[in-house]
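In my numbering, the protein residues as written are 15 to 130.
A virtual CB, placed ideally from N, CA and C, is assigned to each residue, including glycine.
The structure presented is a predicted model; accordingly, all values stated were derived computationally and were not measured.
This is the structure in structure tokens:
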């Protein structure tokens, strides 16, 4: 539509399992339902904002690891637009090979151990 405003969100990469790109989100609520009464009962995801500013979010916009999320993957499985995507899948789509992804994960774990 001419003059329509596009919703833009930064890519959220705040956990070791999923990448969230809500600019791809069509607000179908499938992830919220999967996280709530349909499958997991953790209620880690919800709807924030109103109208054009509506968005899928966590409670008080906390990083995903600081919520009740158990990283079950149900939200990723039901997302029709890849707004929620597994990190490995995203890296494969970017052209990385499995051995490169494993090496990157190994480096991340070693760096995390050094920083603690």
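Classify residue i: buried if its beta carbon has 16 or more other beta carbons within 10 angstroms, exposed otherwise.
i           : result
residue 34  : buried
residue 18  : exposed
residue 84  : exposed
residue 130 : exposed
residue 117 : exposed
Nearest-angstrom Cα distance between residue i and residue j?
i          : j          : result
residue 45 : residue 60 : 9 Å
residue 55 : residue 82 : 10 Å
What does DSSP give as the partner residue(s) for residue i in the beta ladder?
i          : result
residue 72 : 59
residue 99 : 33
Report back the beta-carbon spacing between residue i and residue j to the nearest angstrom; my notes put them in contact at under 8 Å.
i          : j           : result
residue 92 : residue 100 : Between residue 100 and residue 92 the Cβ distance is about 13 Å, and since that is not below 8 Å, they are no contact.
residue 23 : residue 36  : 4 Å
3 or more residues per run - each beta strand (DSSP E) lying fully within the segment 31-64
32-34, 59-62
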